[in-house]
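In the numbering used here, the protein residues as written are 418 to 481.
We put the beta carbon where it would ideally sit given N, CA and C, even for glycine.
Predicted, not measured: the structure shown is a model, and the values here were computed from it.
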């Protein structure tokens, strides 16, 4: 089966974007969330990237 990027619905914190990215790369969601916080704190564009990802990425139930 082809890997798909989607937002998770179980265990999400805000909209499930970081959890979906973590499942796609098969890593711990906490690491992705910490990376996103660092990216936001250093570059400032992490918030905009998260909002865009939340709008563009489908939910897991819509993909499967």
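When DSSP builds the beta bridges, which residues end up paired with residue i?
i: residue 424; result: 476
Measure the Cβ-Cβ separation of residue i and residue j and say whether it is below 8 Å.
i: residue 441; j: residue 475; result: no
i: residue 460; j: residue 434; result: no
i: residue 437; j: residue 453; result: no
i: residue 458; j: residue 449; result: no
i: residue 425; j: residue 477; result: yes
The alpha helix (DSSP H) with residue i in it runs from where to where?
i: residue 483; result: For residue 483 there is no data in the structure shown, the boundaries of the chain being 418 and 481.
i: residue 436; result: 434–442
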